[in-house]
Amino acid sequence: MTSPILQELHRLGHLDALDFGFARLLERRFAYSSPPPDSLVLAAALLVAATRQGHTSLDFTQSPRELVTLVQDPGKPLPEELLSSLSKDWKLPDRWLPILGNPGELAPLIRDGSRLYLQRYHLAERGIAAEVVRRATRTAAELTDEQCAAIAEQWSQPHEADQAQAVQRILRHNLTIISGGPGTGKTHTVLRALSLLPPREGRPWRVVLAAPTGKAVARLQELVPSKLPDTVRAHFATLHRLLQRRPAEGRHDQGSGLPWPYDIAVVDEMSMVDAELMYDLVTAWTPETRVVLLGDRHQLASVQPGNVFAGLCSGVLDAGPPVSDVLVELRHNFRFDPRSGIGRLAEAIVRGQDQEVVDLLRAGAPDVTWQPLPRVEELTTRLWRKLRVAWRTLFESSSPSEALRALRSFRILSAHRSGPWGCERIHKEFAQQLGGTAVLHAPLVIVQNAPDRGLYNGDGGLWWRDGERWIAHIETAQGVRTLPESRLPPHEPAWVLTVHKSQGSEFDEVLLVLPQTVTPILTRELLYTAVTRARQRLEIWAPLEVVRAAVRQPTRRFSGLSDLIPRLYSSEARPAF
Numbered sequence: 011m012t013s014p015i016l017q018e019l020h021r022l023g024h025l026d027a028l029d030f031g032f033a034r035l036l037e038r039r040f041a042y043s044s045p046p047p048d049s050l051v052l053a054a055a056l057l058v059a060a061t062r063q064g065h066t067s068l069d070f071t072q073s074p075r076e077l078v079t080l081v082q083d084p085g086k087p088l089p090e091e092l093l094s095s096l097s098k099d100w101k102l103p104d105r106w107l108p109i110l111g112n113p114g115e116l117a118p119l120i121r122d123g124s125r126l127y128l129q130r131y132h133l134a135e136r137g138i139a140a141e142v143v144r145r146a147t148r149t150a151a152e153l154t155d156e157q158c159a160a161i162a163e164q165w166s167q168p169h170e171a172d173q174a175q176a177v178q179r180i181l182r183h184n185l186t187i188i189s190g191g192p193g194t195g196k197t198h199t200v201l202r203a204l205s206l207l208p209p210r211e212g213r214p215w216r217v218v219l220a221a222p223t224g225k226a227v228a229r230l231q232e233l234v235p236s237k238l239p240d241t242v243r244a245h246f247a248t249l250h251r252l253l254q255r256r257p258a259e260g261r262h263d264q265g266s267g268l269p270w271p272y273d274i275a276v277v278d279e280m281s282m283v284d285a286e287l288m289y290d291l292v293t294a295w296t297p298e299t300r301v302v303l304l305g306d307r308h309q310l311a312s313v314q315p316g317n318v319f320a321g322l323c324s325g326v327l328d329a330g331p332p333v334s335d336v337l338v339e340l341r342h343n344f345r346f347d348p349r350s351g352i353g354r355l356a357e358a359i360v361r362g363q364d365q366e367v368v369d370l371l372r373a374g375a376p377d378v379t380w381q382p383l384p385r386v387e388e389l390t391t392r393l394w395r396k397l398r399v400a401w402r403t404l405f406e407s408s409s410p411s412e413a414l415r416a417l418r419s420f421r422i423l424s425a426h427r428s429g430p431w432g433c434e435r436i437h438k439e440f441a442q443q444l445g446g447t448a449v450l451h452a453p454l455v456i457v458q459n460a461p462d463r464g465l466y467n468g469d470g471g472l473w474w475r476d477g478e479r480w481i482a483h484i485e486t487a488q489g490v491r492t493l494p495e496s497r498l499p500p501h502e503p504a505w506v507l508t509v510h511k512s513q514g515s516e517f518d519e520v521l522l523v524l525p526q527t528v529t530p531i532l533t534r535e536l537l538y539t540a541v542t543r544a545r546q547r548l549e550i551w552a553p554l555e556v557v558r559a560a561v562r563q564p565t566r567r568f569s570g571l572s573d574l575i576p577r578l579y580s581s582e583a584r585p586a587f
């Protein structure tokens, strides 16, 4: 019999049909052979609900009340009598059950220490952790005298010490993790390291530079010199395209036995990579592949379950040397002057200094301005007025290529997709004013992968009229693609982007709109990500108390990756993966 608590959570709307149905399925499947306790059935439902919010596991060092409130709808308070009915000491069963297994066993739910996983996410996180531990001490090559001399000459200043360390790591080891904010030179450092690779006999180094989205890959292509040394042959791909298993096209496929065709893999925008995508990566590259992971551990985590990059960084640091040596943090910012408003604001957000953030916004700076949030009935009008000025070059463009360049100069970002200050409402009102979404110069974004058309979720572009037809011009990793409206995969307007959608992009000027009230999605990482999308100028429309609350609220994601890395490293028995 399903527990009353589970039924009540479902009735109140905190657990949806999938959560409730999964728990009932497990309960019925094993009802006669080995009936699971009510607490485990409830935990299974909470676990499925938690994965939709980005968690990969539940940590049972938390109280039952904390685990239940983790998945509750903020707009629907839980009755106190329901919370008080939960056991104060809610432990996972110690005995073996058909639905509950230990690491390496085949069961729907996996118990690993104090954590409960769905098997798929446990396999992913444990596989990632094992690969990091395996690679941590593997030396690929020793530095030559020529390389040492070049590093000493090119990175001779004290503020360049982190870059020099990263280059040495890339040239010597099989795994390098580089974390740093925008302007710290992550990509530039990697490219300079590639230029110091020694010549190889018979063929050049095959290097793939990849990222989760087409726009991020396009930025990589812009940064790569037009001609790398003859020692290097560079390829570019989105991660989804890179991992397509099509033997006929020569891509890696575990089943076909095809070799991984790259000597070095550089993955940018790692904060956007989820647990299962990262597991696909670690099972694709060979033991000889040198891997370089780039990201900003203070940014938003991936939309899908997992907090991979932050977990990797925390995990290797907790493991200590030599595992911690794989991480190099770039701290010096080459883009922002120390007195820059954007730089100071981003630094204060990372440190959680809410009063400092508010003071900076009140005082203003040449590159940062703040104003109160307009009334909801005035918002669309004021945003359109702002757009007409900021995108004047876009609206006056005489060619699609000119318009695409202008598109990168400015963007409005919103914390929310729905609601009075969300993207959907703003786009709906813009469409009513403009007479539709397919309007000359109107920006758009792809929202569903379409490999057959070379388009992926997150690729962006704009509409252009060609005679009687509307043509979409989309920037991708392989260049600009043009498709008629009838051939375009699912897409939506992009006058305004959510902060999540803006990851992997940077704009000369950003206007950030936050809602009137505090919501769970308004976190320190979301605010930091939005602020650091701006290269030259940032404007924020928001109540200061909402900004303050966001700075005080770090993202909370349950993931075992940061615990698994030190545990696997300290374990004498290495897991077989």
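Quick note, our numbering runs 10 ahead of the 1-based positions in the sequence shown.
Ideal Cβ positions, reconstructed from N, Cα and C, are used throughout, including at glycine.
Judged by beta-carbon spacing, residue 320 lies beyond the 8 Å limit of residue 538, meaning their Cβ atoms are not closer than that value. Residue 222 and residue 283 do touch by the CB rule: their CB atoms are close to 6 Å apart, below 8 Å. Within the DSSP secondary-structure output, residue 305 pairs in a beta bridge with 189. Spanning the alpha carbons of residue 468 and residue 421 requires a straight line of approximately 15 Å.
Take the alpha-carbon of residue 329 and the one of residue 289: they are about 20 Å apart. Secondary-structure assignment with DSSP links residue 68 through a beta bridge to 126.
With fewer than three CB-CB distances shorter than 8 Å, the region 550 to 557 does not count as touching the region 299 to 308. Here the region 112 to 120 does not lie against the region 77 to 95, with fewer than 3 beta-carbon pairs under 8 Å apart. Under DSSP, the beta-bridge partners assigned to residue 381 are 551.
For residue 437, DSSP records no beta bridge to any residue.
Residue 108 and residue 20 have their C-alpha atoms spaced approximately 25 Å apart.
In the DSSP assignment, residue 239 forms no beta bridge with any residue. According to the DSSP assignment, residue 198 belongs to the alpha helix (DSSP H) that extends over 196 to 204. The alpha-carbon separation between residue 496 and residue 332 amounts to approximately 54 Å. Relative to residue 156, the option among 353, 535, 205 whose CA is nearest is 205. According to the DSSP assignment, residue 476 belongs to no alpha helix (DSSP H) but to the beta strand (DSSP E) extending over 470 to 476. Here residue 380 has 371, 550 as same chain residues with Cβ atoms under 6 Å from its own Cβ, once five neighbours each way along the sequence are excluded.
Taken through DSSP and simplified to helix, strand or coil, residue 405 comes out as helix.
Residue 502 is bridged by DSSP to 455. For residue 486, the enclosing beta strand (DSSP E) starts and ends at 479 to 486. By the neighbour-count criterion, in which a residue is buried when 16 or more other Cβ atoms sit within 10 angstroms of its Cβ, residue 563 is buried. Residue 440 counts as buried, since at least 16 other C-beta atoms from the protein chains shown sit within 10 angstroms of its C-beta.
Within 10 angstroms of the beta-carbon of residue 77 lie 16 or more other beta-carbons, which makes it buried. CA-CA distance, residue 172 to residue 345, rounds to 16 Å.
Non-local beta-carbon contacts of residue 471 in its own chain, meaning distances under 7 Å to residues more than five positions away in sequence, involve 414, 454, 482, 483, 484, 485 in chain order.
Classified as exposed, residue 405 has fewer than 16 neighbouring CB atoms from the shown chains inside 10 Å of its CB.
Under the three-state reduction of DSSP output, residue 344 falls in the coil class, being neither helix nor strand. In the DSSP assignment, residue 181 is bridged to no other residue. By the criterion of a C-beta distance shorter than 6 Å, residue 169 is surrounded in its chain by 342, once the five residues flanking it on both sides are discounted. According to DSSP, residue pairing for residue 275 in a beta bridge involves 218, 301.
Distances from the alpha-carbon of residue 464 to those of 437, 444, 489 put 489 closest.
Per DSSP, residue 253 lies in no beta strand (DSSP E) and is assigned neither H nor E. Counting along the chain, no beta strand (DSSP E) covers residue 568, and no H or E run does either.
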